[in-house]
Structures are given as structure tokens and as C-alpha cells.
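Q:
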Amino acid sequence: MSKHQAGRIALGTLFRGLALLLAAGLVAGAGWYVLRGAGTTGDGRTCPTTLRVVAASSIANAVSAAGRTLRAGSDCVHVDTTNADGRPAAAQLSQVSADVWIPDDAAWDALAPPQFLATKGTLNAYDTLATSPIYMVTDPATAEKIKVAGGGWLALANLLNAHTSGVRLTVRNPAMSGDGMVAAGAVGEAVWLDKGMDTSSLALANMLPVTRTVNHDLAATPAAPGEVGLVPEYALLATLRLARTDRRYIIGADHTALLRYTWLPSAAAANNPKRAAALKRLYAAFTSQEGKRALAAAGLRGPDNLRPVFDGADILPEPTAKPFEVLGAHHVQHVFATWDPEDRRSNLLIIVDIAGTSGSTSAPPGTTRQQPIDVLKQGCRQLADLMPVGARLGLWEVGTGEPGYRKLLPTDRLDDTTRTTFTRSVGNLTARRAGPGLLDAIVAGYQSIRDDWRDDMFNQVFIITDDQHKDSADVQAVDEMVRRLTALKDPDKPVTISIAVLGKKDAADRLKESLKPVDVYVDNAVTADDVQAAFIHVVAGGLHE
């Protein structure tokens, strides 16, 4: 699935609130781009060109300052700036017929309307105008815990997941600002790089109960001992002169979490010579003395990556570690799904193929090993609890007889009644004799979800198997399944297939290689935590890159 397909689904929550924006008086134009007339400068003169800019609030003053340098002469340009942050900013692009979007991180691009943005490199598209590293702000004792654990983002993630550590997190709402999205994403990204995607999903889910989310415009500063606030440099600089003396500021030793203010011109403006010329002038204005001073006054680093001069700034350690890469659409969706149940809205069919009653999943020393069927039940129940009312959920079981699988519950709208029915059906699952049917069930399940495809949800089939029948080794049968799935594929109705193989790496590796032509995600689940992580990955959208 492309980043724009992922972004379109991730925008579901945003567009459900669009009516509120309209009610507030933000009336849409005739389309994403309209040719606008002249604009008026502050001194009453009329400019022949007006550029509409949607910019993150933390750089908006710098945009206005850069725009003021274009007001002279008969070919002056009037820059009309709309402040908008987070997911709502994407809706503003078409609302104001924006010529350029300057979000506080490049990762927001996946939320832009399809075909809105110019291609990379066109009119300097995707260039970084400014940056701001994110610090961990905490008390001395908690800072020491982070230092002892490694001093980086992975250390923080491990402390948050060990709920006995006493460490808690404070972060801005990831849906409403780059501050929150990049900061929360950095915690998940550290685990992703260390242990993989599914474990990252589990780490984020485990982190949420010990996290305080700031939903207003204030920075996520800690309010009590043990809290670690994730705060960008631009929000710290103006406060350091009066900062509390017991504050400690940590920059990641393993990676640097970095906001990247990104220049994203619209495709429509790029295709209009007059507006393209005006955008080139605005882009260049950020390198003017006035533009540089405005970025520094906002506490932002320019392309030179130099920290602006502020009283007390020497208390902040200078970043030295390599920055995390820009979060991909899938990574951003994991963050959103952790914070908002609406981002867990799926049209999901679970297919169960558990025959083994021995070979229990491994567990840490001193804990009880669980049978695969018990781990499966626990994961199914957790998944149903995480999915919101209005999602769709079904359950099939591979078994003996014809056609080799049973439809225990048809995929149906999830509400209190169907949730109870699903939980009861999961409770009745038992390990049974291995038999054929898994590959046929996958094809039939895929066709079922494709035929019942919903454009406002992730459409998914999730299979969990112990491969007791050794279907993965039947090369001819697997190849035939690939052929059938390819024939059923509809580009306009994408359906994601994810398979978790319990405890058999060789089987998982065989399936992963064989199913590459149909882009099936396959993982090996060894521990009970692996199984739980696989379920959480699915509820976060099941996307993979």
C-alpha cells in the first residue's frame, strides 16, 4: 500500500471533523487550487500576486517575515499565511487553495490530498527550511535512570515499558502537532530499529498507560517527579532564562529526534508560471537577513543547523547522534492508532489455524509458559477490546472436512453485542487435529473482505497458524494460492494480508519468500509477547513497507 493510500485512510478521523471546520466559517473554494487576484499590503498598495501559505504555527511568524521582503516594487507578492498544525492542517490545504504547505515535519506529507503536492525537487519541494531537535526534560533522579539505561531513546522506551521503573511520559497530542507526532514516534522508532515493527507496536501500546497527553497549545513539560517531557528546542529556548534549576535536559545518545520544517509546494502552483515564480522568490526569502532573523527569533535552526542565541541556551546539550529518518506513513499510522481508537477502525477477518497442544510459547524465566491456543485467545480478546464500535470483525477456523475451514462468525459491525459474541466464540476455540484448508481459507477470506470492502477502514485478513499441517512446505499448493490471490486482486480495493507463524522460523521464512508476489506480511512469533505484538500491529492498520 502506498503512503498516499495509507494517508487517505489515516485522514478518516480528520474528515469526520471537517463539518466542524466548515461550521466555524472555513468555507471551501471551488477546488484544491483557484487562481487568486491581487493582494493588499499593510500600507494599502496592491500586489499583482497573492500566495496562500499553510504553515505550522511555530514557523508562521518567520513565514510572514520572509513574505514582507517581497512587498517592494511593481511585481510585489502578498503572502497570506494560515496557521495550522497536525492533521487539521491537511484539510486547510484545499480549504484555502494553498500554494505551499510548510508543516513542522516532512512526515505530514502522507496526509495531503491525493495529487495535491508537487513532485520532489519541483520548486524545491521537500527541502528543509528549518529544524528543531527534541529534548527529554525531567528531574535529576529520572535523568540518572535514563543515563544508566543507555542515555538514548531506546533507554527511555525500555524504562516506560518496565512499568516498575516509575518513569512516566508527557507528550503533546501526536495528531495535533509535530512536537507530539515526532516525539512519540521517536520512542516507537527506537524499538522498531532494535527489535522490529511488531515489537514497536507493542511498546507504544504499553507506553500509553504511563503517558500524560497534552491536548492544548502548551509544551509537554513535566509536572511531577518521574515524568519525562518531550519538548522541542524552539519551545525551550525562550524559557531557559527563568527555567527551574532542578530540570535536566537530555538529547538522545543513540539518535536525535528532529522536527523538519518542510517546503511542500502544490502541484497546481508549480504548473502556473506566475505563481511558480512567486514561490521561488518566497523560498529564497528565507535566506535573506530578515528571514534568518525571523527563524532565529522563533527558536528554529536554519539549514546551517546552528542553535539560535538565547539567554541560558548553553544548558542544552548539543545533538551529536544521527537523526532518525523521517517517519514513513506506516510508522505515523502506528502512532495515531496508539492514541486514537478511531485510527484502529478496520474491516478485519481473523483466520485461526492452531492444531498443536505442545510446544508452548516461550516466556521469561520465572513466568508460566502458555499453550498456543491460550495465547491466541488472549490476543483475540485484546484486539476486540482495542477496536472501536463501528469497526468490522469476523472469525474463521481452519479444520477438517470440506471445504477445510469453518466460518465461526461472519465479518460484521462491532458493537457491544457482537463484541460479546466474538469473545464467546474465541473462548470456545480449541486445538484440533492438523488438516488441510489453510491455503483455501486464506483465498476465500481475501475474497470475502474484498467483496465487502470499506473505503473508510483498513481492509485486512489476519492469519495465525502453527503450520502443523506443513502447508508452508507444499510449494505447488502455495504457488497455486499466489496465482488465485493475484487473480482476485483489485487495485481499487486493497486488502492487506498478515500471517503470524507460531514458533517455526523455517515455515515463516518459506512463506515470506513464496508470498512476496502478493505482498503478504509474514512474521515469526516465538514468545507470547510476539503474538500480542502481532495482534497490536494488525489493529494499528496492518500496513508494512
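Under the working numbering, the first residue of the sequence shown carries the number 4, and numbering increases by one thereafter. Every residue gets a Cβ at the ideal spot worked out from N, C-alpha and C, and that includes glycine.
Go to GLN292, then tell me how far its alpha helix (DSSP H) extends in each direction, as first and last residue.
A: Start and end: 292-300.
Q: In this structure, does DSSP put THR202 in helix, strand or coil?
A: Residue state, collapsed to three classes: helix.
Q: Just how far apart, CA to CA, sit ALA241 and PRO91?
A: Going by the C-alpha atoms only, they are around 27 angstroms apart.
Q: With burial defined as no fewer than 16 other Cβ atoms inside 10 Å of the residue's Cβ, what is the status of GLY404: buried or exposed?
A: So GLY404 ends up on the exposed side.
Q: Nearest CA to the CA of THR341: which residue from GLY255, ASP307, VAL213 and VAL312?
A: Closest option to THR341, Cα to Cα, is VAL213.
Q: Pick helix, strand or coil for ALA31, following the three-state DSSP scheme.
A: At ALA31 the pLDDT is 29, less than 50, meaning the model places this residue with poor confidence and gives no usable figure here.
Q: With distance defined between alpha-carbon atoms, name the residue in SER204, PRO311, VAL521 and ALA146 nearest to VAL335.
A: Ranking SER204, PRO311, VAL521 and ALA146 by Cα distance to VAL335 puts SER204 first.
Q: Of the residues LEU221, ARG247 and ALA128, which one's Cα is nearest the Cα of PRO143?
A: PRO143 has its Cα closest to that of ARG247, out of LEU221, ARG247 and ALA128.
Q: In whole angstroms, give me the CA-to-CA distance for VAL37 and GLU516.
A: Residue confidence for VAL37 is low, a pLDDT of 32 falling below 50, so the modelled location carries little weight; the figure read from the coordinates is stated next. Rounded to whole angstroms, VAL37 to GLU516 spans 48 angstroms at the Cα level.
Q: Skipping 5 residues on each side, what residues in its chain have a beta carbon closer than 7 angstroms to that of ALA301?
A: Cβ neighbours of ALA301 beyond the five flanking positions: SER61, ILE62, ASN64, ALA65 and TYR237.
Q: What are the boundary residues of the beta strand (DSSP E) that includes GLU483?
A: Where GLU483 is concerned, there is no enclosing beta strand (DSSP E), although the alpha helix (DSSP H) it sits in stretches over 478-491.
Q: Between the alpha carbons of THR371 and ASP377, how many angstroms are there, rounded?
A: Here THR371 scores only 45 on pLDDT, less than 50, and its place in the model is too uncertain to base an answer on.
Q: Spatial neighbours of ALA110 within its chain, please: CB distance less than 6 angstroms, with the 5 preceding and 5 following residues excluded, ordered by chain position.
A: Closer than 6 angstroms at the Cβ level, and outside the excluded window around ALA110, lie VAL329, LEU330 and VAL335.
Q: Determine the direct distance from the alpha carbon of PRO439 to that of ILE452, and round the result to whole angstroms.
A: Roughly 22 angstroms between the two C-alpha positions.
Q: Could you tell me which residues DSSP puts in a beta bridge with ASP83?
A: Beta-bridge pairing links ASP83 to ARG55.
Q: Determine contact between the segment 161-172 and the segment 254-266, defined as no fewer than three beta-carbon pairs at a distance below 8 angstroms.
A: Contact fails: fewer than three Cβ-Cβ distances are below 8 angstroms.
Q: With a Cβ-Cβ cutoff of 8 angstroms, do VAL525 and LEU514 count as a contact?
A: Yes; because the gap between Cβ atoms is below 8 angstroms, this pair is in contact.
Q: If you draw a straight line from the C-alpha of ASP533 to the C-alpha of ALA121, how long is it?
A: Their backbone Cα atoms lie some 40 angstroms apart in a straight line.
Q: For the alpha helix (DSSP H) containing SER349, list its first residue and its last residue.
A: No alpha helix (DSSP H) contains SER349, which is instead part of the beta strand (DSSP E) from 349-356.
Q: Kindly list the residues whose CB is nearer than 6 angstroms to the CB of ALA59, restricted to its own chain and excluding five residues on each side of it in sequence; keep chain order.
A: Same-chain partners within the cutoff: ASP88, PRO106 and ASP107.
Q: Could you check whether the Cβ of LEU396 sits closer than 7 angstroms to any heavy atom belonging to the ligand GTP?
A: The model depicted lacks the ligand GTP and carries no ligand whatsoever.
Q: With distances taken Cα to Cα, identify the nearest neighbour of ALA270 among TRP104, THR202 and GLY229.
A: When only C-alpha atoms are compared, the closest one is TRP104.
Q: Looking at the secondary structure, which residues open and close the alpha helix (DSSP H) in which PHE425 lies?
A: Per DSSP, PHE425 belongs to the alpha helix (DSSP H) from 419-430.
Q: THR96 and VAL82 look like a contact to me (Cβ under 8 angstroms); what is the Cβ gap, rounded to whole Å?
A: As written in the sequence, residue 96 is Leu, which differs from the Thr given in the question. With 8 angstroms as the limit, LEU96 and VAL82 do not qualify as a contact, their Cβ atoms being about 16 angstroms apart.
Q: Taking ALA476 as the reference, give the member of LEU518, LEU172 and VAL234 with the closest Cα.
A: Selected option, being the one with the closest Cα: LEU518.
Q: Closest to GLN118 by CA distance: which of ALA272, ARG55, ASP220 and ASN218 is it?
A: Answer by Cα proximity: ALA272.
Q: Is VAL521 near ALA511, with beta carbons less than 8 angstroms apart?
A: Cβ distance not < 8 angstroms, so VAL521 and ALA511 don't count as in contact.
Q: GLY382 lies in the alpha helix (DSSP H); which residues open and close that run?
A: 375-389 is the span of the alpha helix (DSSP H), which, as asked, contains GLY382.
Q: Please tell me whether ARG384 and VAL429 are closer than 8 angstroms, where the distance is taken between their beta carbons.
A: Yes.
Q: Run the CB neighbour count on HIS333, radius 10 Å, all protein chains shown included, and call it buried at 16 or more, exposed below.
A: Buried, since its Cβ has 16 or more Cβ neighbours within 10 Å.
Q: What number of angstroms, rounded off, separates the C-alpha of THR173 from the C-alpha of VAL478?
A: Distance between the alpha carbons of THR173 and VAL478: 50 angstroms.
Q: Here's the rule: buried if 16 or more other CB atoms are within 10 angstroms of the residue's CB, otherwise exposed. What is PRO225?
A: So PRO225 counts as buried.
Q: Short of 6 angstroms in beta carbon distance, which residues of its chain neighbour ILE539, apart from the five on each side in sequence? Order them along the chain.
A: SER204, LEU205 and ALA208, listed in sequence order.
Q: Closer than 8 angstroms by C-beta to PHE313: which residues in its own chain qualify, once you throw out the five before and the five after it? Chain order, please.
A: Around PHE313: LEU240, ALA241, LEU243, ARG244 and GLY302.
Q: Name the DSSP bridge partner or partners of ASP415?
A: Paired residue(s): LEU396.
Q: Throw me the rounded Cβ distance for the ILE353 and PHE465 pair, which I believe falls under 8 angstroms.
A: Yes, they are in contact, since the Cβ atoms of ILE353 and PHE465 sit about 5 angstroms apart, within 8 angstroms.
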